[in-house]
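Single-structure report; data block below.
Protein chains: 2
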Amino acid sequence: MRKAEDILALKGVKPTAVRLNLLEFLLEQDKALSLKEMEIGLLHMDRSSIFRSLKSFEEYKLIHSINDGTGMTKYAVCAEGCNCELEDLHYHFYCTSCEKTFCLMDHPIPSIILPKNFKMTDANMVIKGLCDQCNK
Amino acid sequence: MRKAEDILALKGVKPTAVRLNLLEFLLEQDKALSLKEMEIGLLHMDRSSIFRSLKSFEEYKLIHSINDGTGMTKYAVCAEGCNCELEDLHYHFYCTSCEKTFCLMDHPIPSIILPKNFKMTDANMVIKGLCDQCNK
DNA sequence: CAAGACAGTGCAACTCGATTGCAAAGTTTA
DNA sequence: TAAACTTTGCAATCGAGTTGCACTGTCTTG
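Read top to bottom, the protein sequences are chains P and R. Mapping of the first sequence onto numbering that gives the first Met the number 0: position 129 corresponds to residue 128, and the numbering continues sequentially without gaps. Mapping of the second sequence onto numbering that gives the first Met the number 0: position 124 corresponds to residue 123, and the numbering continues sequentially without gaps.
Written as structure tokens, this is what we have:
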């Protein structure tokens, strides 16, 4: 497991107490979390402090946000070596049963054919269905 | 151009004045619209009436909704023959310059390889970038 | 080390898209 | 036609996201 402190140092983000706690919490997860879930998981921490830390993390490309259609933005720590470029894009999977949102890091996005002269700079790809734990 | 009346009849939705006006308006568009844009385009019509008509339309599979990451759900009329099944899924394109959201009907989603035992039932795929009009 | 400058935090308030309660109006049914 | 049901319009509410502001902690510079 990568250490929060190292990641902050690597990305050039000042390691405050809030940021360290938040990033450590995010690193423990096996799914993407909403702001509300972080509030609940980090009881002593203020919502807007979490929110602003998330914005910083996003700006410095430590985490990426996912719009999974639930109405709540989810956040997940970027994989090692990710620079949030086009080639780092990956599918996300939202399980409609357990309501977890996962990064499908090992299943890259096939090349997408666009209409003539359209240019892709970003994408939000969410597949919905049942995850392996719920599809039984 | 398909007629609103015919579509409502085909899908078994009672053709009220609000629904006819709304569907006609949607059929004129070359992009997916937000609730707010419909309110502006249909000045005399109440927001919650539009909202509830959209919900009915979605339920009866006349239209589909798109979560393009702008924070406003967009709606577009389904193509002829669409049953909102997996095979009717398509990419959407959000142009960050003109802020239009398009259905890419002619560019089908390639088959997506999922982790073992994951089952796909739906998807929200949004590509962001510049459309042909803005990419000059 | 001290003073000022700056960044980060916590609280409360606010924004805005989405949604709902309710009564009036319209439509269908018996 | 009257009762039952559906649709509509208005106003109120909800909730995620965001921001203003004062306080605190940290850094910089003399």
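Virtual Cβ for every residue (Gly too), placed ideally from N, Cα, C. Predicted model, so just to flag it, every value in this text is computed and none were measured.
#1: Closest by CA to Lys-127 of chain R, which one among P:Ser-96, P:Cys-130, P:Leu-85?
#2: So which residues of chain P does Val-125 of chain R contact, with C-beta pairs closer than 7 angstroms?
#3: State yes or no: is the C-beta of Tyr-90 of chain P within less than 8 angstroms of the C-beta of His-106 of chain P?
#4: Kindly indicate which residue of P:Cys-102, P:Asn-82, P:Asp-131, P:Cys-133 has the alpha-carbon position closest to the one of Ile-139 of chain P.
#5: I'd like to know if the stretch 10 to 19 of chain R and the stretch 106 to 122 of chain P are in contact, where contact means that at least 3 CB-CB pairs between them fall below 8 angstroms.
#6: Check whether the Cβ atoms of Met-0 of chain P and Leu-26 of chain P sit closer than 8 angstroms, and answer yes or no.
#7: For the alpha helix (DSSP H) that contains Gly-40 of chain P, what are its first and last residues?
#8: Determine the chain R residues that contact Lys-115 of chain P at a beta-carbon separation under 8 angstroms, and present them in chain order.
#9: Closest to Ile-65 of chain R by CA distance: which of P:Met-37, P:Gly-68, P:Ser-55 is it?
#10: Is it buried or exposed, Ala-31 of chain P, if we count other Cβ atoms within 10 angstroms and call 16 or more buried?
#11: Tell me the rounded alpha-carbon separation between Leu-61 of chain P and Leu-103 of chain R.
#12: Less than 8 angstroms between the C-beta atoms of Met-71 of chain R and Ser-47 of chain R, yes or no?
#13: Where does Ile-126 of chain P fall in DSSP's three states?
#14: With DSSP collapsed to three states, give me the class of Asp-87 of chain R.
#15: Quick check: is any heavy atom of the ligand ATP less than 7 angstroms from the C-beta of Ser-47 of chain P?
#16: Per the DSSP calculation, Thr-15 of chain R is bridged to which residue(s)?
#17: Taking the beta strand (DSSP E) that Asp-29 of chain R belongs to, which residues open and close that run?
#18: For Ala-75 of chain P, which beta-bridge partners are listed by DSSP?
On the basis of the supplied data:
#1: As a first step, residue 127 of chain R must be located in the second sequence, where it is residue number 128. Per the Cα distances, P:Leu-85.
#2: Walking along the second sequence from the start, residue 125 of chain R turns up at place 126. What Val-125 of chain R touches in chain P: Ala-122, Asn-123.
#3: As a first step, residue 90 of chain P is located in the first sequence; it is residue number 91 there, counting from the start. As a first step, residue 106 of chain P is located in the first sequence; it is residue number 107 there, counting from the start. Taking a C-beta distance under 8 angstroms as the contact criterion, Tyr-90 of chain P and His-106 of chain P qualify as a contact pair.
#4: This structure cannot speak to residue 139 of chain P, because chain P is shown only from 0 to 135.
#5: No: the two stretches stay apart, fewer than three of their Cβ pairs being nearer than 8 angstroms.
#6: As a working mapping, residue 0 of chain P is identified with position 1 in the first sequence. As a working mapping, residue 26 of chain P is identified with position 27 in the first sequence. In this structure, Leu-26 of chain P lies closer than 8 angstroms to Met-0 of chain P by Cβ.
#7: In the first sequence, the residue the question calls residue 40 of chain P occupies position 41. Here the alpha helix (DSSP H) through Gly-40 of chain P covers 34 to 40.
#8: Working through the first sequence from its first residue, we reach residue 115 of chain P at position 116. Residues of chain R passing the Cβ test: Asp-131.
#9: The residue you call residue 65 of chain R lines up with position 66 of the second sequence. Considering only alpha carbons, the answer is P:Gly-68.
#10: In the first sequence, residue 31 of chain P corresponds to position 32, counting from 1. Ala-31 of chain P is buried by the Cβ-count criterion.
#11: For this step, residue 61 of chain P is matched to residue 62 along the first sequence. For this step, residue 103 of chain R is matched to residue 104 along the second sequence. Per the coordinates, the alpha-carbon of Leu-61 of chain P lies some 31 angstroms from the alpha-carbon of Leu-103 of chain R.
#12: Working through the second sequence from its first residue, we reach residue 71 of chain R at position 72. Working through the second sequence from its first residue, we reach residue 47 of chain R at position 48. Not in contact: Met-71 of chain R and Ser-47 of chain R (Cβ atoms no closer than 8 angstroms).
#13: Position 127 of the first sequence, counted from the start, is the residue given in the question as residue 126 of chain P. Of the three classes helix, strand and coil, the one that applies to Ile-126 of chain P here is strand, per DSSP.
#14: On the second sequence, position 88 is the one that residue 87 of chain R refers to. In the structure shown, the three-state DSSP call for Asp-87 of chain R is helix.
#15: Absence of the ligand ATP from the depicted structure is noted, as is the absence of any ligand whatsoever, leaving it without description.
#16: Taking the first residue of the second sequence as position 1, residue 15 of chain R is located at position 16. In the DSSP assignment, Thr-15 of chain R forms no beta bridge with any residue.
#17: Within the second sequence, residue 29 of chain R is the residue found at index 30, counting from 1. Where Asp-29 of chain R is concerned, there is no enclosing beta strand (DSSP E), because DSSP gives it neither an H nor an E.
#18: For the purposes of this step, residue 75 of chain P is identified with residue 76 of the first sequence, where counting begins at 1. Looking at the DSSP output, Ala-75 of chain P sits in a beta bridge with P:His-63.
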